[in-house]
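Asks: The numbering used here applies: residue 195 is where the sequence shown begins, and numbers increase by one.
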Amino acid sequence: MRVGFIGLGSQGGAMARRIVDAGYETTLWARRAESLEPYGDTAAKTAGSPAELGAASDLACVCVVNDADVREVVDGPQGILRGMSAGGVIAVHSTVHPDTCRELAEKAAAQGISLVDAPVSGGGMGAEAGTLLVMVGGDDDIVARVRPVFETYADPVVHLGGVGAGEVAKLLNNLLFTANLSTASSTLALGEQLGVDPTRLAAVLASGSANSFALGRIANTAGSLDQIAQHAGELLRKDVTLVAGLADAAGTTVGSVLDAADATLAQMNHPRLES
């Protein structure tokens, strides 16, 4: 299988490197030439546009930041769909609205091309270690076809249902993570007010039933969310907003997890709802 990859950031770049190192014929595209420099000593080829990459790929992986970027590289004037042949597959690794993937899947299907949504969790370190979590939405046969490529950088790869299901799962994951940040932070703050050192309390909680990934992220900051807010606050606000919108459109209630997530966003000075 010939593989193309777009989105060579800290996470996507490591994913692409794993694909190249696994021996797949790989083509890369990036807006900035410097993003391609780390692959100069590999067998990877480069394309002049997403369309050119699509023409050279049986599977084109997209790991860009937001919905607009995904739409541009997939369906823009020079997008993947302008070059890919029928029978090809596009995998959207970005965390975006599930409807974005569903709409693009319909456009791709009109050309005989399949699209799966496959958002990831685990960051650059997880990609480098081959331990990313990939949450996939798409047809059974297409997911089975691309799974070996995903497994070069991921373990586990979880198929959740039709197109869009992977994005829903990733957004719910990020909603709960966001909520857990405020509950962990407020617990450490309460402990300090009751006379327990927050760093030592975090070590205790990490060894007990109250442990969580969120607790681990703030254990060394005495419960402060400032560091996470600097690099992830806006992204978490985006994802929580998307989940709230999905629930509203479905006529359902998110529940207390949204209240806790909103509390986190407020602490980060990235509120979902303006006061």
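Idealized CB from N, CA, C, for every residue including glycine.
Once DSSP output is grouped into helix, strand and coil, what is the label at Met209?
Replies: Met209: helix per DSSP, three-state reduction.
Asks: In or out: Met319 buried (at least 16 other Cβ within 10 Å) or exposed?
Replies: Around the beta carbon of Met319, fewer than 16 other beta carbons lie within 10 angstroms, which makes this residue exposed.
Asks: Check for me: the beta strand (DSSP E) holding Phe352 runs from which residue to which?
Replies: According to the sequence provided, residue 352 is Val. The question's Phe does not apply to it. Ala348 to Gly355 is the extent of the beta strand (DSSP E) around Val352.
Asks: For Pro465, count neighbouring Cβ atoms within 10 angstroms of its own Cβ and tell me buried if that reaches 16, exposed if not.
Replies: Exposed, since its Cβ has fewer than 16 Cβ neighbours within 10 Å.
Asks: If you count every other CB in all the chains shown that lies within 10 Å of the CB of Asp311, and 16 or more means buried, which is it?
Replies: buried
Asks: Please determine, among Leu388, Val264, Lys364 and Gly198, the residue with the shortest C-alpha to C-alpha distance to Val328.
Replies: Lys364
Asks: Just reading off the beta strand (DSSP E) that Leu309 is part of, what are its end residues?
Replies: Ser308 to Asp311
Asks: Put Ala280 into one of helix, strand or coil per three-state DSSP.
Replies: coil
Asks: Exposed or buried, which one is Ala397 when buried takes at least 16 other CB atoms within 10 Å?
Replies: exposed
Asks: Report the option in Ser418, Glu228 and Gly248 whose CA atom is closest to the CA atom of Ile307.
Replies: Comparing Cα positions, the closest option is Gly248.
Asks: Where do the N-terminal and C-terminal ends of the beta strand (DSSP E) with Ala227 fall, by residue?
Replies: Here Ala227 belongs to no beta strand (DSSP E), and DSSP marks it neither H nor E.
Asks: Residue range of the alpha helix (DSSP H) that Cys295 falls in?
Replies: Pro292 to Ala303
Asks: Within a Cβ cutoff of 7 angstroms, which residues of the same chain sit near Val448, ignoring the five residues on either side of it in sequence?
Replies: Val437, Ala438 and Ala441
Asks: Can you find the residues in the same chain that come closer than 6 angstroms, C-beta to C-beta, to Val314, ignoring five residues on each side of it along the sequence?
Replies: His287, Leu326 and Val328
Asks: What do you reckon, are the CB atoms on Leu375 and Thr458 nearer than 7 angstroms?
Replies: yes
Asks: Return helix, strand or coil for Val314, following the three-state DSSP convention.
Replies: strand
Asks: Ignoring anything shorter than 4 residues, give me the alpha helix (DSSP H) runs that lie fully in the segment 322-388, in order along the chain.
Replies: 334-344 and 359-387
Asks: Thinking Val268 and Leu275 are a contact (beta carbons under 8 angstroms), I'd like their distance in whole angstroms, please.
Replies: 6 angstroms
Asks: If you follow the beta strand (DSSP E) that Gly198 is part of, which residue opens it and which one closes it?
Replies: Val197 to Ile200
Asks: Specify the secondary structure class of Thr240 as computed by DSSP and reduced to three states.
Replies: strand
Asks: For the alpha helix (DSSP H) that contains Ala254, what are its first and last residues?
Replies: No alpha helix (DSSP H) holds Ala254; the beta strand (DSSP E) holding it covers Leu253 to Val256.
Asks: Taking only the alpha-carbon atoms, compute the straight-line gap between Asp235 and Asp215 and give it to the nearest angstrom.
Replies: 11 angstroms
Asks: Pull up the DSSP beta-bridge partners for Ala285, would you.
Replies: Cys255 and Val310
Asks: Quick one: measure Cβ to Cβ for Thr294 and Asp333, integer angstroms, because I've assumed they're closer than 8 angstroms.
Replies: Their Cβ separation, rounded to whole angstroms, is 18 angstroms, which puts Thr294 and Asp333 out of contact at 8 angstroms.
Asks: How would you call Ala444, buried or exposed, if buried means at least 16 neighbouring beta carbons within 10 angstroms?
Replies: By the 16-neighbour rule on beta-carbons within 10 angstroms, Ala444 is exposed.
Asks: My understanding is that Asp252 touches Gly203, with C-beta atoms under 8 angstroms, so please give their C-beta distance in whole angstroms.
Replies: Separation of the CB atoms of Asp252 and Gly203 is rounded to 23 angstroms, and the pair is thereby denied contact status at 8 angstroms.
Asks: Considering Asp266, what are the terminal residues of the alpha helix (DSSP H) in which it resides?
Replies: The amino acid at residue 266 is misidentified as Asp; the sequence shows Glu. Note, Glu266: alpha helix (DSSP H), Asp261 to Asp269.
Asks: Tell me whether Thr220 sits in a helix, a strand or coil according to DSSP, three-state version.
Replies: strand
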